[in-house]
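In what follows, a single structure is set out as structure tokens and then discussed.
2 protein chains.
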Amino acid sequence: MPLNQLKSYYKEMIPGLTDEMWANMEKHAIVQQYKKGELYISPGEQENFVTFISKGAFRYFSVVDEKEMVCEFVFENNYLSEYESFLRRTPAKVYIQALEDSVAVKFHYDHVQECYSNYPLIERFGRLIAEKFLIDAIDRMNSLLSSSPEERYNKLAEEKPELLQRVPQYMIASFIGVTPEALSRIRRRLVA
Amino acid sequence: MPLNQLKSYYKEMIPGLTDEMWANMEKHAIVQQYKKGELYISPGEQENFVTFISKGAFRYFSVVDEKEMVCEFVFENNYLSEYESFLRRTPAKVYIQALEDSVAVKFHYDHVQECYSNYPLIERFGRLIAEKFLIDAIDRMNSLLSSSPEERYNKLAEEKPELLQRVPQYMIASFIGVTPEALSRIRRRLVA
DNA sequence: GCTTCTTATTGATTTAAGTCAAGTAGCCGG
DNA sequence: CCGGCTACTTGACTTAAATCAATAAGAAGC
């Protein structure tokens, strides 16, 4: 079932994907469940997978001075991976944790590299994904640099209202770079 | 001369690059000079090039409330482009400006796509570049989220001391997300 | 060499967020 | 249904940066 979902996703994303290519990919796909609160990866571990979230939600966070710093949320129909660890083959720096009961489809690093070598079309897909993520990251960086916490919250509420429903407020606070108390006051200001 | 520099760079970066491939790339390379202060691109324009900086320095910035927000510096032997505009084929959002007299080698979008299609090796190179930039962007984002301006300045001074020499302080201030006055005080605190 | 413009510093004041602490409300598990 | 935990809110106070304004030091142009 998660595999069918992924197949439709790929068929749409990659025009020209053949059944043979898909069969090859499917053969190595690992379907895995995560319970709410469960860790997908922890700092120090090696990330060997790029993971498609079929259902559920995850967050990236690190711990600095005993405080959690949330740096990303990812929901179903998106990719999950500790990219730096995966791409550079170095130990992970951050935690990734399931925020809800989730279902994921994982592809091993070796298999991904093999696909890149065997199928230029998939390598192109990999490039396009990396480029898309890059643009997103640049965008987010610019918003962190040029907007106040209040503006960032408003933008988030406007662009991803569902995120505010699915994620505890103290994680949102961390994500936009303020304390939970500060976010609470920002929200109060907005109502008044 | 800039082309020879670029050729060595590529030979090192892309094992397996053939002379034929290089000849094809060189054929479409455009060498261009920029004077200090000159704009490489402005918001609203279409970015059609990915550019290798052979010599010099550039900054990315946007203007918000009549204030300049510097979001990136790039020096020689690195790539320059308004990536979002280049990749998405949408109008540029930011300015890119030469901070010194500079020399650049530019490749047109169409030519880059053609190379990707003709040479899987170059497409792979494109993917690796995008992945590298992605990791850099994620890193910078995490530092913006989890560090104070003072910590960011210290980190910058440690990791890129040459940047502090080549770039006016008020641009550094903007880059780390504070006013010039605040950076001046941070520096004073450090000395004392 | 002098003027002018730009960049950097410093001071006084305001503002927004951080911190510490307490209290409330909602939710989950027993 | 109750008890305990977690998330959220609120208040008082502290801290750091923004803002406004003025001055000083350098660099660029005439």
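Residue numbers (my numbering), protein chains in the order written: chain A, 1 to 192; chain B, 1001 to 1192. All C-beta atoms, glycine included, are put in the ideal place defined by N, C-alpha and C. Remember, predicted model here, so these are calculated numbers, not experimental data.
With the criterion set as a beta carbon lying under 8 Å from some beta carbon of chain A, the members of the segment 1133-1146 of chain B are F1133, L1134, I1135, A1137, I1138, D1139, R1140, M1141, N1142, L1144, L1145 and S1146, in sequence order.
Counting only runs of at least 4 residues, the segment 74-98 of chain A fully encloses the following alpha helix (DSSP H) elements, listed from N- to C-terminal order: 83-88. Legend: CB atoms of the segment 152-177 of chain A lying less than 7 Å from CB atoms of chain B belong to residues G177. At the C-beta level, S81(A) and P2(A) stay beyond 8 Å of one another. The straight-line gap separating the alpha-carbon atoms of K1155(B) and R1189(B) is approximately 15 Å. For K27(A), the enclosing alpha helix (DSSP H) has its first and last residue at D19 to K27.
In this structure, the alpha-carbon of P149(A) lies about 14 Å from that of V1178(B). Fewer than three beta-carbon pairs drawn from the segment 16-26 of chain A and the segment 40-57 of chain A are found closer than 8 Å, and the two stretches are therefore not classed as touching. Under the DSSP assignment, V31(A) falls in the beta strand (DSSP E) whose first and last residues are I30 to Y34. When DSSP states are grouped into helix, strand and coil, K1160(B) belongs to the coil group. Between the segment 57-69 of chain A and the segment 111-119 of chain A there are fewer than three inter-stretch CB-CB distances shorter than 8 Å, so the stretches are not counted as touching. Secondary structure remark: continuous alpha helix (DSSP H) runs of at least 4 residues inside the segment 1110-1189 of chain B, in chain order: 1120-1146, 1149-1159, 1161-1166 and 1169-1176.
Annotated three-state conformation of E1012(B) is helix, per DSSP. In the DSSP assignment, S1062(B) falls within the unbroken beta strand (DSSP E) covering A1057 to V1064. Between V1094(B) and S1062(B), the C-beta spacing is below 8 Å.
Taking a C-beta distance under 8 Å as the contact criterion, L145(A) and L1144(B) qualify as a contact pair. Our two residues, F1125(B) and M141(A), have alpha carbons roughly 25 Å apart in a direct line. Remark: C-beta atoms of K1035(B) and D1101(B) approach each other more closely than 8 Å. For the segment 84-98 of chain A, the residues whose beta carbon sits under 9 Å from a beta carbon of chain B are, in order, E84, L87, R88, K93 and V94.
Between the C-alpha atoms of T90(A) and E158(A) there is a straight-line separation of about 36 Å. Excluding the 5 residues flanking it on each side, F1175(B) has same chain C-beta neighbours closer than 6 Å at V1070, in chain order. In the DSSP assignment, S42(A) falls outside any beta strand (DSSP E) and carries neither an H nor an E.
Separation of M1171(B) and K1160(B) (C-alpha to C-alpha, rounded to the nearest whole angstrom) is 14 Å. Nearest to G56(A) by C-alpha distance, out of F73(A), E47(A), V64(A) and Q46(A), is F73(A). Selection E131(A), N77(A) and E38(A) evaluated against N4(A) yields N77(A) as nearest (Cα-Cα). Against chain A, a Cβ distance below 7 Å from R1127(B) picks out E123, G126, R127 and A130. Taking 8 Å as the cut-off, the beta carbon of Y1109(B) is found closer than this to the beta carbon of F1086(B). Excluding sequence positions up to five before and after E1012(B), its CB lies less than 7 Å from no other CB in the same chain. By the neighbour-count criterion, in which a residue is buried when 16 or more other Cβ atoms sit within 10 angstroms of its Cβ, I1030(B) is exposed. Taking the beta carbon of C71(A) as reference, the chain B residues within 9 Å of it are I1138, M1141, N1142, L1145 and S1146, listed in sequence order. As the crow flies, the alpha-carbon of M25(A) is around 22 Å from that of E131(A). Among the CB atoms of chain B, none fall inside 8 Å of the CB of P180(A). Rounded to the nearest angstrom, the Cβ distance from R1127(B) to E123(A) is 6 Å, consistent with a contact under 8 Å. One Cα belongs to F1107(B), the other to F1049(B), and the distance between them is close to 5 Å.
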